[in-house]
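What the sequence shown shows, in our numbering, is residues 1 to 235, in sequence order. Glycine is no exception: its CB is placed at the ideal position from the N, C-alpha and C atoms. This structure is a prediction, so every number in the text was calculated from the model and none was measured. Read through the structure below, which is laid out as structure tokens, and then see the notes.
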Amino acid sequence: MINTQLTVIIPVFNEINSIEQLLIKVLNSKIDKQIIVVDDYSSDGTRELLINKFKDKMDKIIFHQKNLGKGAAIKSAQKYIIGKYTIIQDADLEYDPADYPILINEAIKNKFKVVYGSRVLNKNMYTNTKNFSHKIRIWGNIFLTFLSNKINNQKLTDAHTCYKLFDSDLFKSINLQENDFSFCPEITTKLSNKNIIIKEVPINYKGRTYDEGKKIKSSDGLKAIFVLFKYKFFY
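This is the structure:
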């Protein structure tokens, strides 16, 4: 019997500068929750910090024995989910756990099985622009969202947001295969294939630069395009 409202899955790889503050924010969120952290073979002290400071505060900590990617971390956590809803939480500080109630309330109130937290809905998408490379990523996200919408017949404003909230039974029924950042186009396309409506709500977002630890690369964008076509037309 499910008696936990939300399962929070936190993939983490080399986030020593943010993981402690992020986990404190998640712990302090006023929601009945299960927290699953998956350390993807960090080598910067993140793993040791998790063991020394958070071993008894997390519901589950999974340690990969080699670096596999964000998607692989999510897959590792999938079978341990007990919450009614599941959300993905990056281990940096770009997304604010204080927004959890916004997504959950939308799911409950209007009976949506999937709610995405959009970084650009009802706001200026360049608000968080810090430098030219950051602006390039924004343009890339605009293009990938446009392409995703065309392929999947959706009307999303931010297909590649981290904050994706799912009905847990639905999420656990999806056979995830991608190991890296391609989790995003994979899950969005598979939801489209199931004719699942995705509702978007605006969220807070504070983007970081590569100097601050941003990991996603242009090659991940190219892989996302491949994955969109793969699961729409060849899966």
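Problem - the segment 69–78 contacting the segment 5–16, beta-carbon criterion three pairs below 8 Å - result: yes
Practice task
Report yes or no: do three or more beta-carbon pairs, one from the segment 162–169 and one from the segment 100–111, lie closer than 8 Å?
Solution key: yes
Handout entry: Integer Cβ distance of I196 from K113, believed to fall under 8 Å
Key = In the sequence shown, counting from the first residue as 1, residue 196 sits at position 196. In the sequence shown, counting from the first residue as 1, residue 113 sits at position 113. Sure, about 6 Å apart at Cβ, within 8 Å.
Problem - Run of the beta strand (DSSP E) containing Y231, from where it starts to where it stops - result: Within the sequence shown, the letter at position 231 stands for residue 231. Element bounds for Y231: not the beta strand (DSSP E) but the alpha helix (DSSP H), S218 to F233.
Practice task
Could you tell me whether any non-hydrogen atom of the ligand SAM is closer than 7 Å to the CB of I225?
Solution key: Here there are no bound small molecules, and the ligand SAM is not part of this structure.
Practice task
Tell me whether Y85 sits in a helix, a strand or coil according to DSSP, three-state version.
Solution key: Looking up residue 85 in the sequence shown gives position 85. Of the three classes helix, strand and coil, the one that applies to Y85 here is strand, per DSSP.
Handout entry: Beta-carbon proximity list for F181, same chain, < 6 Å, skipping 5 on both sides
Key = In the sequence shown, residue 181 corresponds to position 181, counting from 1. Excluding residues within five positions, the ones whose Cβ falls inside 6 Å are K70, I216 and D220.
Practice task
Report the three-state DSSP secondary structure of V120 (helix, strand or coil).
Solution key: Here residue 120 corresponds to residue number 120 of the sequence shown, with the count starting at 1. Three-state DSSP puts V120 in coil, outside helix and strand.
Exercise for the section: Measure the alpha-carbon distance for L121 versus N204 and round it to whole angstroms. Expected result: Locating residue 121 in the sequence shown gives position 121, where the first residue counts as 1. Locating residue 204 in the sequence shown gives position 204, where the first residue counts as 1. Computed Cα separation, rounded: 10 Å.
Handout entry: Buried/exposed call for Y235, threshold 16 Cβ in 10 Å
Key = Mapped onto the sequence shown, residue 235 falls at position 235. By the 10 Å Cβ count, Y235 comes out exposed.
Problem - Residue nearest to G179 in terms of C-alpha spacing, selected from K172, S173 and I187 - result: To locate residue 179, count along the sequence shown from 1; it is residue 179. Inspection of the sequence shows that residue 179 is occupied by Asn rather than by Gly. Out of K172, S173 and I187, I187 has the C-alpha closest to the C-alpha of N179.
Practice task
Starting from the Cα of K53, find the closest Cα among A73, Q21 and N153 and give me that residue.
Solution key: Here residue 53 corresponds to residue number 53 of the sequence shown, with the count starting at 1. The residue with the shortest Cα to Cα distance from K53 is Q21.
Handout entry: N193, buried or exposed, once every other Cβ within 10 Å from all chains shown has been counted against 16
Key = Along the sequence shown, one-based indexing puts residue 193 at 193. With fewer than 16 Cβ atoms within 10 Å of its Cβ, N193 is classed as exposed.
Handout entry: One or two residues paired with Q34 in a DSSP bridge
Key = By one-based count along the sequence shown, residue 34 stands at place 34. Answer is T7, bridged to Q34.
Practice task
Would you kindly work out how many angstroms separate the C-alpha atoms of K172 and D90, rounded to a whole number?
Solution key: For the purposes of this step, residue 172 is taken as residue 172 along the sequence shown, with counting starting at 1. For the purposes of this step, residue 90 is taken as residue 90 along the sequence shown, with counting starting at 1. C-alpha separation (whole angstroms): 19 Å.
Problem - Start-to-end residues for the alpha helix (DSSP H) that takes in I108 - result: Mapped onto the sequence shown, residue 108 falls at position 108. It spans Y100 to N110 - the alpha helix (DSSP H) in which I108 sits, taken as one unbroken run.
Exercise for the section: Classify P101 as buried or exposed, calling it buried when 16 or more other Cβ atoms lie within 10 Å of its own Cβ. Expected result: On the sequence shown, residue 101 is found 101 positions in, with the first residue counted as 1. With fewer than 16 other Cβ atoms within 10 Å, it is exposed.
Handout entry: Distance CB(Q34)-CB(I82) smaller than 8 Å
Key = The residue given as residue 34 occupies position 34 in the sequence shown. The residue given as residue 82 occupies position 82 in the sequence shown. Going by C-beta atoms, Q34 is nearer than 8 Å to I82.
Problem - Nonlocal neighbours in the same chain, by C-beta distance under 7 Å from S43, ignoring five residues either side - result: Along the sequence shown, one-based indexing puts residue 43 at 43. Excluding positions up to five away in sequence, the list reads N14.
Problem - Neighbourhood of V26 by C-beta, 8 Å cutoff - its chain only, sequence neighbours within 5 removed - result: Within the sequence shown, the letter at position 26 stands for residue 26. Excluding positions up to five away in sequence, the list reads V8, I10, K33, I35, Q89 and P97.
Exercise for the section: From the DSSP output, in three-state form, read off D96 for me. Expected result: The count along the sequence shown starts at 1 and reaches residue 96 at position 96. Coil, per DSSP.
Exercise for the section: Go ahead and pull the three-state DSSP assignment for K25. Expected result: The sequence position of residue 25 within the sequence shown is 25, counting from 1. Helix at K25.
Exercise for the section: Run the CB neighbour count on V227, radius 10 Å, all protein chains shown included, and call it buried at 16 or more, exposed below. Expected result: Taking the first residue of the sequence shown as 1, we reach residue 227 at position 227. Buried, because 16 or more other Cβ atoms sit within 10 Å of the Cβ of V227.
Exercise for the section: Less than 8 Å between the CB atoms is what I'm expecting for K206 and E94, so what's the real figure, rounded? Expected result: Against the sequence shown, residue 206 aligns to sequence position 206. Against the sequence shown, residue 94 aligns to sequence position 94. Indeed, because the Cβ distance is near 6 Å, the residues count as touching under 8 Å.
Practice task
Take the Cβ of M1 as the centre, count every other Cβ of all protein chains shown within 10 Å, and call the residue buried at 16 or more, exposed below.
Solution key: As a position in the sequence shown, residue 1 is number 1, starting the count at 1. Per-residue confidence for M1 stands at a pLDDT of 39, beneath the threshold of 50, marking its modelled position as unreliable; no derived number is given.
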